[in-house]
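The numbering used here puts the first residue of the sequence shown at 2, with every later residue one more than the last.
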Amino acid sequence: MSEPGRIKALSQELAGQIAAGEVVERPASIVKELLENSLDAGASEVAITLAKGGCEGIRITDNGSGIHPEDLPLAVTSFATSKIGEFSDLYQIRTFGFRGEALASIAAISRVELSTRTKGALSGARLVCEAGKILEISAAGCPEGTSIHVSKIFEAVPARRAFLKTAARERQACLEAITQLALPRKNLRIRVKADGRDALYLPETADLRERIALLFDPELAGSLLPVLETCPEAAISGFVSRPDYSRSNNRQIFCYVNGRFIRDPLLNHALATACEHVLAPRQYPAAILFIELTPGLVDVNVHPAKREVRFRQPREIYRLVVTAITSALAGAPLKTEASGRFLTYRGSGERFESRLREAVSRYYISRPGGNFASRTDPLFTEPVEKGEGPSRDGGMKFSDLNYLGPLGETYLLFSSPGGLIILDQHAAHERVMFETIKRSCGEASSAGQRLLMPEIISLSPGEYARFLEFQGELATLGIEAEPFGGDAVVVKSLPFPFQPGEARGLLEELMADGLEAGITESSAQRRKEKFLIVMACRAAVMAKDLLSPEEVKGLLETLDETPSGTTCPHGRPIYLAFGLPELEKMFKRR
């Protein structure tokens with residue numbers, strides 16, 4: 002054991018395993034990095050095989066340019082790359098891989114068997130590497146291109162395996178990574194097999210719209226509006242869905258910067274700004290957007306796994322995206338003018354500038370090197386002093402309140418002998434629906450309502466993998482659904498109070514928002530509660546739904562009979578009470 006407090010150099014093996022943790026988080030990370038290498042090698046055909054969701058093994062074979070036999074030892078060496086030669090190259094990058102970390106990181110935590118042959122070569126070569134150590138380099142007969150088999154994943158770092166999810170979840174993550182890379186490449190033929198089953202097949206397509214139809218839903222492909230804006234140093238193209246096609250989550254938003262798929266809050270915020278007056282609350286468009294920038298205006302070297310970029314001029318990028326999307330949704334170009342190198346958006350005045358300031362402030366805070374601001378979300382601040390509200394101990398009830406009217410399309414105002422009550426209509430109805438659906442699911446005879454016409458829903462490969470994992474649990478909630486060929490499912494029954502036609506939205510939200518909210522917990526009961534919360538939220542009246550006095554009265558009477566009728570299922574309060582003494586104090590009468 003070394004002397005405490007002394008500095009020492011890490012072994013190459015340990016340093017490699019630590020560095021691998023930044024690049025290889027799960028099997029999907031391996032799939033992404035290897036598929037990017039295939040694309041950089043000019044492959045037009047790729048075959049991928051996943052064993053147990055990629056947890057037990059991953060094989061990727063391509064028809065790309067291959068690796069020269071003399072370069073094989075360097076292929077699994079850290080910071081060895083054919084993509085850059087000097088520092089200035091970092092700002093002219095047009096390839097996916099460039100750091101020289103991916104294959105070395107993968108080899109550090111697994112066994113890699115690689116066979117490769119360059120174009121026109123008479124023979125190829127084979128390399129075997131395990132836990133960062135090269136075991137074999139030899140001549141081999143193999144097709145042109147490269148085939149890599151990765152096995153014993155995380156065996157060199159067993160603690161890492163404990164963080165892997167179920168095979169179904171890891172398969173889903175792999176399919177999502179493949180979808181992100183394959184979507185914009187209409188000339189790429191790709192086939193994915195998972196545990197002996199064809200999980201995805203994409204032939205070469207005539208155009209991007211056909212690609213979208215194959216990957217997602219023909220209905221989406223028919224609902225797309227073209228997006229196009231250009232200026233001297235930037236351009237945006239692609240598609241956004243018409244307002245009559247929306248999703249309950251943002252999982253059909255794909256943004257590419259100089260060909261690289263990224264998740265970026267600035268771009269998502271810009272999309273929300275462009276769509277805020279054409280989509281209902283909590284609804285998102287589908288969008289496939291390609292932003293092309295002069296390489297010097299974007300830094301791609303800010304994340305080990307290359308999932309993020311840093312824009313040199315985020316304000317101008319934001320304006321460009323909003324301009325392009327609003328123009329597409331309007332069906333005609335909005336008024337724009339060239340200002341310096343970028344377009345100036347002239348469509349929303351003070352509201353737009355407010356949204357822009359908010360987005361850019363968040364952007365600078367969240368980028369690497371920024372500091373997180375203190376949390377000012379009202380949910381994390383101390384509540385105002387509360388007066389006395391409705392009780393369940395024989396005192397005043399919700400139905401005893403005197404309804405005064407709505408406030409801000411979200412809240413309901415009531416007077417009581419003790420003061421003023423402000424009720425959140427969505428939170429209140431969400432609690433009612435949670436208890437109603439929960440009670441219905443506990444009664445086997447009424448858990449689901451058979452649909453007169455079963456509804457067929459096309460899912461993305463990742464969503465379909467998620468559905469298979471939770472199909473049995475959905476049935477206990479009254480959602481009877483079965484595979485229907487390919488990545489489609491047929492829904493035969495829905496729980497009360499959902500109606501025919503709502504199956505698609507409900508299933509999409511359960512598979513997306515529910516999982517992201519924590520449905521992956523090991524306890525089946527906890528997962529069921531998470532599902533119930535998502536269902537209740539979707540079934541409840543929305544914040545901007547106008548309720549009639551009769552509907553308000555019915556809501557109050559139902560709240561009187563509802564357990565835990567003071568908070569919504571998320572734990573937020575459904576009402577605030579201001580007592581007369583508190584109001585007098587506010588008006589400085591005491």
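Virtual Cβ for every residue (Gly too), placed ideally from N, Cα, C.
Expected contact under 8 Å - CB spacing of F399 and L560 to nearest Å: 4 Å
Per-residue burial, P564 [other beta carbons within 10 Å of its own, 16 or more giving buried]: exposed
Among I107, L421, V151, C569, the one whose alpha carbon lies nearest that of G133: I107
C232: first and last residue of the uninterrupted beta strand (DSSP E) it sits in: 225-232
G479 classed as buried or exposed, judged by whether at least 16 other C-beta atoms fall within 10 angstroms: buried
Whole-Å CB distance - E205 paired with R190, under 8 Å assumed: 5 Å
Contact between the region 496-504 and the region 459-469 (3+ Cβ pairs under 8 Å): no
Beta-carbon gap between C569 and F485 smaller than 9 Å: no
Short Cβ contact (9 Å threshold) for V491 with L508: no
Same chain only: Cβ atoms within 7 Å of P74, ignoring 5 sequence neighbours per side: I135, I138
Inside the region 438-493 only - alpha helix (DSSP H) runs reaching at least 4 residues: 462-477
With 16 other Cβ atoms within 10 Å as the buried cut-off, status of M536: buried
Per-residue DSSP class, three states only, for N403: strand
Contact under 9 Å by Cβ, D41 with G67: no
First through last residue of the alpha helix (DSSP H) which encompasses T180: 168-183
Alpha helix (DSSP H) segment containing E131, residue limits: Per DSSP, E131 belongs to no alpha helix (DSSP H); it is in the beta strand (DSSP E), 125-131.
Rounded straight-line distance, which links the Cα of E410 to that of L547: 7 Å
Inter-residue Cα distance where the pair is G463 and A178: 9 Å
CA-to-CA distance, Q426 to Y404, given in whole angstroms: 13 Å
A271 burial status per 10 Å Cβ neighbour count (16 or more: buried): buried
P282 versus I438 - alpha carbon distance: 23 Å
Residue burial classification, K33 (beta-carbon count within 10 angstroms, cutoff 16): buried
Pairwise C-alpha distance: L556 and V193: 51 Å
Neighbourhood of V129 by C-beta distance below 6 Å, restricted to the same chain and skipping five residues each side: E114, L136, E137
As assigned by DSSP and simplified to three states, the class of H150: strand
Secondary structure of Y576, DSSP reduced to three states: strand
Cβ-based burial, M587 [other Cβ within 10 Å; buried from 16]: exposed
In chain order, each beta strand (DSSP E) run of at least 3 residues that lies wholly inside the region 242-296: 254-258, 261-263, 288-294
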